[in-house]
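Asker:
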Amino acid sequence: MNHTLRRSRRRSLSAVAAAGALTLTAALLATVPASAHDGVDHGGEAGADAALNWSNYEKVLLTKNVGEPIDLAVLPDSRIIHTARNGEVRLTDPGTGVTKVVTTVPVYSNSEDGLQTVALDPGFAENNWVYLVYAPIDANGDGTPDTPTGSAPNSLPAGADESYWDQWKGVNRLSRFTWTGNAIDLASEKVILDVPVQRGQCCHVGADIDFDDEGNLYLSTGDNTPASTPGANGFAPNNDAPGMNPGFDSRRGAGNTNDLRGKILRIHPEPEGGYTIPEGNLFAPGTEKTRPEIFIMGVRNPFRIEVDSATNSITWGDYGPDATKAVAASAGRGPMGLVEWNAASLDDPHNGGWPFMTGDNFAYNDWDYATNTPGAFFDPANLVNDSRWNTGLTQLPAPRPATAYYGDNPGDQPWDEFVNFGSGTGQGPMGGPTYHYDASNPSTTKFPAYWDRKSFMGEFSQDYIAALTVDWNTFELTHIADFLPNSALSAAAQPIHDNPMDMEFGPDGSMYVLEYGDGFFRANPDAGLYRISYVEGNKSPQARFTATPQSSSTAPLTVQFDASTSSDPDGDAITYQWDFDGDGTFDATGVTASNTYTTLGAYTARLRVTDASGKFSLTSRAISVGNQAPVVTVDYPGNGGFLDWGQVAPYKVSVTDAEDGNSPVCTRVAWTYGLGHDEHAHPEVSGTGCTGAWRTDPNSPEHGSGALIYGAVVVTYTDNGANGLPAATGEASVRLNPKLQQAEHAIGRQGVIVYEDETASAGNAIRGLGNGDFLRFDPVNFSGITGAVVRASGAGQVQLRWGAADAAPFATATIPGGAGWKDVAINFTAPTGTGALYVTSASELAVDSITMVGNGVADVAAPTTAHTLAPAAPTGVGGVYNVPVRFAVQAADNGALSTVQYSRDGGATWTNLAANQQYGVTFNTNGVYNLQYRATDTGGNVSPVKTVSFTINLQAPNEPTVDTRTLVTLDSPRVTYGAPGSVDVQVTHAATGTPTGEVVIRSGETEVGRGTLGADGKATIALAADLPVGTHTLRATYGADQVFKSSVGTGRLTVAQAKSTTTGTVSPDPVKPTVAATASIHVESSTGIVPTGTVTVTVKRGTTTVATVATLVDQSGNASILLPKLATVGAYQVLASYDGSTGVAKSSTTLTLTVRQ
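Just so we're aligned: the sequence shown equals residues -36 to -1, 1 to 1121 in mature numbering (1 follows the signal peptide of the UniProt record, and there is no 0).
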């Protein structure tokens, strides 16, 4: 196997797949001489003068188009394949300066999961096989995602048993594909191995691969356990307390002989997929409760491994937990957080000891997480795994001490070079390649023979590359060199090392380095792919340019190109050539140029810079004519806002897009929240939405007291694409600061010393803060902050300044003299926006911490609520519902809702309403419902309780639902008493169907008519004949049916008196004296109604009234009156008078009567 083709291996990404860092001041530190522990003067070795002369090296940027960079593989033709966590596979051609996304692998991407490693088969030149490690969305191909989105809870939900955790089981997959020459053929996939994992949590994927000369494949796997395990406090996360997420116990994976996690596996991949087991692994096939694939067990996150058959070795870096030295000294739980670099023989399968041991077999305490009490310390001579999640052997192989380990500061480790070479804080060991010098290689840029058989590693958190000399017979580290330090690169005007992610030697003997840059879960501006070459004398120029603008929605687009930032390390004059459309032909020359793109499309603009000797470098940028990337803005919280761990920060994201407009599809607003730790981050949860809340984990401090931790959020939005161009993505990022800010964690420190102090809040503090000195915290946003508590020691003042160390102070804390730390509270009106906080003093004070006071950006506002009922109004007669009722709560919050609940028993018990049911529930049984309801957000804020009441009676008749209008038409507006006529009534509506039922007509409260609607919805109703004389407002009321509602129509009617006619007879006539005659009177009205009232009969003889008699008219209009007995013979007049009534007028008639003997 030609090891000049071999690769480096990467970094432990407990933090990455998402690694990241604070934006640090690029401190250029002088090179610290390495300690020669082997007693050899390495500077005096053959070839050392030239090899250690850093001016003989050049570091050239190949591309910054790397996405969120994860891994690389150099092809035999020196093109580079490199991966990004989101599934993108890129191909960079140094010969043209062009980088393109050539393949996209669909991946599950919660936390650190996604696309990981790319590697070439040892026989790549013949078979074109490429290997990828990735997290499939649908591993079994049934069309359904294997696991839920989002994050799993820390503990079992109420009522759930341990089978609940099964839904989070997924796999990380190792597969082989065919390289087509310019892309990976996804259809050619051959699945080699699936590693079962638990999803929905952070961290530690591992997932690097390499080969030995026998074709065996080595795959590293992480322990799949978060550093912020509840109760871990920066020590081994072995939490198997009842009810807790099994992911909190690293013993279930790394310490389990029957599990593939936390291991380095050795298998032999077969041509048709799958694998066989080579001889010599840790457990022979068939060994009970073991997996034969295991070569090395007991590792935490060996993110980058290197297999080197020439030295018969495997090397790797391994991340560790985070307890500080001060915390470890007093906690009684084990060693401080240590990281490791290891070298082992390919004939030496073993147990690395994690999570029972670390470093030089420093033992952890078998802590009882359920009771938070110590147990015995694990015994390396009798190592037992008694976790309730352990499916393997209880008695474990003896642990092997690390080849090298290191902690935070000088004195924490045997090899202080590990913490002296770089800048920054934290530890991030990335395994790297072992170099083999090949004198027959014609490349003039290959590394010199001095580096032969030396192993390289990258320090992700401290930004350096080290070369390690190993005795390959004993696998002991004998020397460490700071390779091409950043101070030398800066002095030579070359790009510095910035979070090295992966390293590999190419066929030209140059080192190819993929750098993550400062940031998290994103394509960081300072990420890039570089080539480091040995070049004595003249160096290649550095090609850099800007393109303004780089995109537009329409054509033509005129772009101004400026290469003035290009440079030559030797100071030589350089020439500039521009290829505006990427067709291979240079179109213009000069340090600046302009080009107008007249046609919509995607273009690659290239710059070639050449020095006088003909050395050149190329770089390129994409020009989009037709689609501009969206602009993503986090409206709140402000970048650098403060909160306490466990609180949530409401957020709002807005997006503007030149083609799609300013109304984003909120499901495309994607975010990832991670726990930043030193220079990297642990992605913890992902989500979508224009609004919501980012929850911080209350267990975040379990990284270890005094650890530099913070929240890191990256928000992205991908547009629709436009004008035939692919979709473009924009992004924004936010840092969330804990209110407690340790002085030693200031991002910038001038003139102060960090020192250990057991009385300090995190075991460390700073001292010597005097004139001209400062602490700088950045980014900072004081939204919601009203003051601070400054913890300091010594007599004097501490000033808080904004934007500069010499700005006017906006707050001052006066520290009283006396021994010990003093907590001084100050109130202030804080500066607005995001910026840098400077802490100064002229008093040579010691400062422990600054704790912000106020709500900060935490969610402290309760949700608002309202409710609806469906149907909106009662449907049954009597104001009841005679159908099932759906009750739903409309809840809104400035962040995210946690629960929406209702109660039927006055608040004694509460029932959750489901979000996927729009927070609604249907009631379908008879009864009286007196409901209370409330909402709680993820910040724990509860809305005021509201109430609603209703009654269900499913047997009640329907309440009509359709509005009607009753129209009244009179025969005549004026009628005569007794003949009022009739009323035509019509009930109209806007729906289908015909109203049925009665219409009642009233005058005042008196019913004067009633009728039934016909099939046409009409009725003719006769009015009561005795409708009184006068003017009436007639109200016609439609009484409703089961469909149509009641309505009223009116008409105005005047009733006049009827005329009357009085007639009569007297009998007998003539009548004898003293015999009484009878007058029969009949009164008749003009309308036929029978008059009522009195008839008066007056008997006269001449002018003399003889008698007057009155009586009532009967129901037939008749009156019979017995006249008085008349004694005098003669003629009499009988006058009959009808007196009239309110409805009938008066009338009379005169009759005669003769009295005869």
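Think of the CB as a built atom: it goes at the ideal place given N, C-alpha and C, for glycine as much as any other residue. A quick note: this is a predicted structure, and the numbers were derived from the prediction, not measured.
1. Relative to the C-alpha of I965, which candidate in S119, G301 and D948 has its C-alpha closest?
2. What residue does the beta strand (DSSP E) around D742 start on, and which one ends it?
3. Relative to the C-alpha of N180, which candidate in S273, T189 and D204 has its C-alpha closest?
4. Tell me which same chain residues have a C-beta within less than 7 Å of the C-beta of G942, skipping the five on either side of it?
5. Mind checking V971: buried by the 16 CB within 10 Å criterion, or exposed?
6. How big is the Cα-Cα spacing for T1026 and G1013?
7. With distances taken Cα to Cα, identify the nearest neighbour of residue 1131 among V383, A825 and Y333.
8. By DSSP, does T866 sit in helix, in strand, or in coil?
9. Within 10 angstroms of the Cβ of V677, are there 16 or more other Cβ atoms? Answer buried if so, exposed if not.
10. CA-CA distance, D311 and I260?
11. Counting along the chain, where does the alpha helix (DSSP H) carrying K579 start and finish?
12. Assuming T863 and T829 form a contact by the criterion Cβ under 8 Å, report the distance between their Cβ atoms to the nearest whole angstrom.
13. Starting from Y615, follow its DSSP beta bridges and name the residues at the other end.
14. Quick check: the Cα distance between G217 and A729, rounded to an integer number of angstroms?
15. What are the partner residues of D41, as DSSP defines its beta bridges?
16. Give a yes or no on whether the C-beta atoms belonging to R225 and V161 are separated by under 8 Å.
17. Looking at the secondary structure, which residues open and close the beta strand (DSSP E) in which K23 lies?
18. Going residue by residue through the segment 505 to 568, where are the continuous beta strand (DSSP E) segments of at least 3 residues, counting only ones entirely within it?
19. Taking the alpha-carbon of V698 as reference, which of S757, I749, T798 and G651 has the nearest alpha-carbon?
20. Whole angstroms are fine: how far does the CA of G670 sit from the CA of G301?
21. For N91, tell me which candidate among P235, G656, G782 and H996 has the shortest Cα-Cα distance.
22. Do F199 and A287 have their beta-carbon atoms positioned less than 8 Å apart in this structure?
23. Taking its Cβ as the centre, do 16 or more other Cβ atoms sit within 10 Å of Q377, making it buried, or is it exposed?
24. Under three-state DSSP, which class holds K982?
25. Could you tell me which residues DSSP pairs with R1120 in its beta bridges?
26. Could you tell me if K1036 is buried or exposed, where buried requires 16 or more neighbouring beta carbons within 10 angstroms of its beta carbon?
27. In three-state DSSP terms, what is A456?
28. My parser needs the alpha helix (DSSP H) runs of 4 or more residues fully inside the segment 334 to 406; what are they?
29. Taking 8 Å as the cut-off, does the segment 810 to 826 touch the segment 720 to 734 (at least 3 CB pairs, one atom from each stretch)?
30. Considering only C-alpha positions, which residue in the set P249, G262, F382 and T337 is nearest to E363?
31. Using the Cβ count rule (16 or more neighbours within 10 Å means buried), how would you classify K703?
32. Going by C-alpha to C-alpha distance, which of G470, V135, H641 and I460 sits closest to P58?
33. For the 8 Å Cβ check, are there 3 or more pairs between the segment 766 to 786 and the segment 838 to 846?
34. Would you decide whether A(-7) is buried or exposed? Buried here means 16 or more other CB atoms lie within 10 Å of its CB.
35. Going by DSSP, what residues sit across from K910 in a beta bridge?
36. Would S497 and S474 be called neighbours here (beta carbons separated by less than 8 Å)?
Answerer: Result, derived from the coordinates:
1. D948
2. F738 to N745
3. S273
4. A989, A1022, S1049, T1051, G1052, I1053 and G1107
5. The residue asked about is misnamed: residue 971 is Glu in this sequence, not Val. The residue is exposed, with fewer than 16 neighbouring Cβ atoms inside 10 Å.
6. 40 Å
7. There is simply no residue 1131 to check, as the chain begins at -36 and stops at 1121 in what is shown.
8. Here residue 866 turns out to be Tyr, not Thr, going by the sequence shown. Y866 falls in the strand class under three-state DSSP.
9. buried
10. 11 Å
11. Per DSSP, K579 belongs to no alpha helix (DSSP H) and is neither H nor E.
12. T863 to T829, Cβ: 12 Å. No contact.
13. G656
14. 37 Å
15. Per DSSP, none; premise fails for D41.
16. yes
17. Y21 to T27
18. 510 to 512, 521 to 526, 538 to 543 and 556 to 561
19. T798
20. 11 Å
21. P235
22. yes
23. buried
24. strand
25. Partner(s): none; R1120 has no beta bridge.
26. exposed
27. coil
28. 381 to 384
29. yes
30. Before going on, a small fix: residue 363 reads as Pro here, not Glu. Nearest C-alpha to P363: G262.
31. buried
32. G470
33. no
34. Because A(-7) carries a pLDDT of 27, less than 50, the predicted location of this residue cannot be relied on, and no value is offered for it.
35. Y897
36. yes
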